[in-house]
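Presented below is the structure to which this report refers.
Residue numbers (my numbering): 20 to 309.
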C-alpha cells in the first residue's frame, strides 16, 4: 500500500513466476540454450536444503539471481553516422566512437560482420584504449548489387563485447548487362501529337531508386510538352507536365525517377506529347541511367 510495505507470501502462486523469471534471465544470457539446458543450469546454480518445511515433492533448492561482483569497468560503442549510401566502385567512411562508461579505460578490438558480397571493411585504428575514435572504411567493388544491408560493428573489450549497427545502401551496381545508354537520333514531334524515342537495355537487375533521365528537346513554347518515361512493362513515369504558363523554348533537364520496382532489361521509351498546336520541335537526344 506504500513504498515501504512488505509482505510474506508462499506457495506455488508466488514460486511459479519467480522460477519463470529466473529461467528467463538464464535464457537471455544464453540464447542458444534448449529448455533442458535452462532447467539444468537452474538446478546446478541452486543451493540445496535451504527451504524451511518444504512440502512433499519440493526440490528444496534456493536459486540466488543477481548475485555476484558488480562490474568496475564498462564501455560503449556507436557509429556516427549510422547509415550511408555508397556507389559501386567507390568507398565511404563512418566514425566508430568507443567510450569509457565506467571505471578505467580498457583495450577494445573492432571488427565488422554481415558484410554483403563485394564489400570489404577496414578500421583505422583497429583497436585502442577507451576512449577513442576509429574510422571505418567500407569499399564497394564495381558490379556490387544494389541493396540495403545492416552491418554489425563489434567492439571486444576486457569486460565483454558491445555492438552497434551501420546500415549500408549500395547503388549503381548490378548483376551485369548494360544499365545506361543514350539515343541521339532526332525524332520530330507532331504538332499536336506524340513522339517516341527508344533505348534498349540488357541490365540484369532492377532499376535504382535514384535513376536519372537526361532529356534534350528543341521546341518553341515548351509548355506545350508533357514528357514521360515508359518502362518495358508499360508503366509511365511523369518527368514534366504541360503548362499554360511556361513560354520558354527547349527542354534541357535531368530528372530523377524511382525505378526500383522495374526490371532493368527491355525497351525503355521516352514519350513526348505536344498537347497544343502552333509550336513545333523535335527530340534531340536523351540518356537513361537506371
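Glycine included, C-beta positions come from ideal geometry on N, C-alpha and C.
Item checked: residue 307 and residue 206 closer than 8 Å at C-beta -> Within the chain shown, the letter at position 288 stands for residue 307. Within the chain shown, the letter at position 187 stands for residue 206. No, these two residues do not count as a Cβ contact at 8 Å.
Check: Relative to the C-alpha of residue 301, which residue among 284, 204, 219 is closest?
Finding: Position 282 of the chain shown, counted from the start, is the residue given in the question as residue 301. With distances taken between CA atoms, residue 301 lies nearest to 204 out of 284, 204, 219.
Next item on the list: Within 10 angstroms of the Cβ of residue 278, are there 16 or more other Cβ atoms? Answer buried if so, exposed if not.
Entry: Indexing the chain shown from 1 puts residue 278 at position 259. Counting every other CB atom within 10 Å of its CB across the protein chains shown gives residue 278 a total of 16 or more, marking it as buried.
Item checked: Element boundaries [beta strand (DSSP E), containing residue 217] -> In the chain shown, residue 217 corresponds to position 198, counting from 1. Counting along the chain, the beta strand (DSSP E) containing residue 217 begins and ends at 212 to 220.
Next item on the list: Could you please give the first and the last residue of the uninterrupted beta strand (DSSP E) stretch that includes residue 126?
Entry: Position 107 of the chain shown, counted from the start, is the residue given in the question as residue 126. Residue 126 -> beta strand (DSSP E) spans 126 to 132.
Margin query: As a quick exercise: from 126, 252, 289, pick the residue whose alpha carbon is nearest that of residue 146.
Written below: Within the chain shown, residue 146 is the residue found at index 127, counting from 1. Considering only alpha carbons, the answer is 126.
Note to self: To the nearest angstrom, how far is the alpha carbon of residue 202 from that of residue 287?
What the structure shows: For the purposes of this step, residue 202 is identified with residue 183 of the chain shown, where counting begins at 1. For the purposes of this step, residue 287 is identified with residue 268 of the chain shown, where counting begins at 1. Residue 202 and residue 287 have their C-alpha atoms spaced approximately 11 Å apart.
Note to self: Is there a C-beta anywhere in chain C that falls below 8 Å from the one on residue 57?
What the structure shows: No chain C is present in this structure, which holds just one protein chain.
Item checked: Where residue 47 sits in the DSSP three-state scheme -> Stepping through the chain shown from its first residue, residue 47 is reached at position 28. In the structure shown, residue 47 adopts helical secondary structure according to DSSP, grouped into three states.
Next item on the list: Look at the Cβ atom of residue 122, then the Cβ atom of residue 113, and state whether they are nearer than 8 Å.
Entry: As a working mapping, residue 122 is identified with position 103 in the chain shown. As a working mapping, residue 113 is identified with position 94 in the chain shown. Not closer than 8 Å, so no.
Note to self: So, at 8 Å on beta carbons, what are the nonlocal neighbours of residue 200 in its own chain, with the 5 sequence-adjacent residues on each side left out?
What the structure shows: The residue given as residue 200 occupies position 181 in the chain shown. Hits under 8 Å: 218, 219, 220, 306, 307.
Next item on the list: Measure the alpha-carbon distance for residue 248 versus residue 158 and round it to whole angstroms.
Entry: Along the chain shown, read from residue 1 onward, the residue named residue 248 stands at position 229. Along the chain shown, read from residue 1 onward, the residue named residue 158 stands at position 139. Roughly 33 Å between the two C-alpha positions.
Next item on the list: Identify, in the order they occur along the chain, each residue of the same chain with its Cβ nearer than 6 Å to the Cβ of residue 274, setting aside the five sequence neighbours on each side.
Entry: Taking the chain shown and counting its residues from 1, one reaches residue 274 at position 255. Exclusion of the five residues before and after residue 274 leaves 232, 258 as the residues of its chain whose Cβ lies within less than 6 Å of its Cβ.
Checklist line | residue 39, buried or exposed, once every other Cβ within 10 Å from all chains shown has been counted against 16 | finding: Here residue 39 corresponds to residue number 20 of the chain shown, with the count starting at 1. In this structure residue 39 is exposed. Its beta-carbon is surrounded by fewer than 16 other beta-carbon atoms within 10 angstroms.
Notebook entry, point to check: Exposed or buried, which one is residue 94 when buried takes at least 16 other CB atoms within 10 Å?
Noted result: Counted from its first residue, the chain shown places residue 94 at position 75. By the 10 Å Cβ count, residue 94 comes out buried.
Notebook entry, point to check: Among residues of its own chain, excluding the 5 on either side of residue 284, which ones have a beta-carbon nearer than 8 Å to its beta-carbon?
Noted result: Counting from one through the chain shown, the residue named residue 284 turns up at place 265. Result list for residue 284: 196, 220, 221, 222, 223, 251, in chain order.
Notebook entry, point to check: For residue 174, which residues does DSSP report across the bridge?
Noted result: As a first step, residue 174 is located in the chain shown; it is residue number 155 there, counting from the start. Paired residue(s): 129, 181.
Next item on the list: Tell me whether the beta-carbon of residue 265 lies closer than 8 Å to the beta-carbon of residue 280.
Entry: As a working note, residue 265 is residue 246 in the chain shown. As a working note, residue 280 is residue 261 in the chain shown. No, they are not a contact pair.
Note to self: Suppose contacts are defined by Cβ-Cβ distances below 8 Å. Is residue 235 in contact with residue 303 by that definition?
What the structure shows: Residue numbering aside, residue 235 sits at position 216 when the chain shown is read from its first letter. Residue numbering aside, residue 303 sits at position 284 when the chain shown is read from its first letter. With respect to the 8 Å criterion, residue 235 and residue 303 are classified as neighbours on the basis of their beta carbons.
Next item on the list: Measure how close the beta-carbons of residue 174 and residue 117 come, nearest whole angstrom, since I'm counting them as under 8 Å.
Entry: Taking the first residue of the chain shown as position 1, residue 174 is located at position 155. Taking the first residue of the chain shown as position 1, residue 117 is located at position 98. Residue 174 to residue 117, Cβ: 6 Å. Contact.
Next item on the list: Assuming residue 183 contacts residue 96 (C-beta within less than 8 Å), just tell me the rounded distance between them.
Entry: For the purposes of this step, residue 183 is taken as the residue at position 164 of the chain shown. For the purposes of this step, residue 96 is taken as the residue at position 77 of the chain shown. That belief holds up - the Cβ atoms of residue 183 and residue 96 are roughly 5 Å apart, short of 8 Å.
Next item on the list: Write down the C-beta distance between residue 170 and residue 151 rounded to the nearest angstrom, noting that I regard them as a contact closer than 8 Å.
Entry: Here residue 170 refers to the residue found at position 151 when the chain shown is read from its first residue. Here residue 151 refers to the residue found at position 132 when the chain shown is read from its first residue. Wrong, their Cβ atoms sit about 20 Å apart, outside the cutoff.
Note to self: Using the Cβ count rule (16 or more neighbours within 10 Å means buried), how would you classify residue 165?
What the structure shows: Translated into positions along the chain shown, residue 165 becomes position 146. Only buried fits residue 165, as 16 or more other CB atoms lie within 10 angstroms of its CB.
Item checked: Cβ shell of residue 181 (< 7 Å), same chain only, five flanking positions each side left out -> As a position in the chain shown, residue 181 is number 162, starting the count at 1. Within the same chain, residue 181 has close Cβ partners 94, 95, 96, 174.
Checklist line | Sheet register partners of residue 293 (DSSP bridge) | finding: For the purposes of this step, residue 293 is taken as the residue at position 274 of the chain shown. BP columns for residue 293 point to 212, 244.
Margin query: Once the 5 residues before and after residue 91 are set aside, which same chain residues still bring their CB inside 6 Å of it?
Written below: The count along the chain shown starts at 1 and reaches residue 91 at position 72. If we look at residue 91 and ignore the five residues flanking it on each side, its Cβ neighbours are 122.
Next item on the list: For residue 276, I'd like the list of residues in its chain whose CB is within less than 7 Å of its CB, leaving aside the five on either flank, ordered along the chain.
Entry: As a first step, residue 276 must be located in the chain shown, where it is residue number 257. Answer for residue 276: 230, 232, 248, 256, listed in chain order.
Notebook entry, point to check: In its own chain, which residues sit with a C-beta less than 6 Å from the C-beta of residue 143, not counting the 5 before and 5 after it?
Noted result: As a working mapping, residue 143 is identified with position 124 in the chain shown. When the five nearest sequence neighbours on each side are left out, the beta carbons in the same chain lying within less than 6 Å of the beta carbon of residue 143 are those of 154, in order along the chain.
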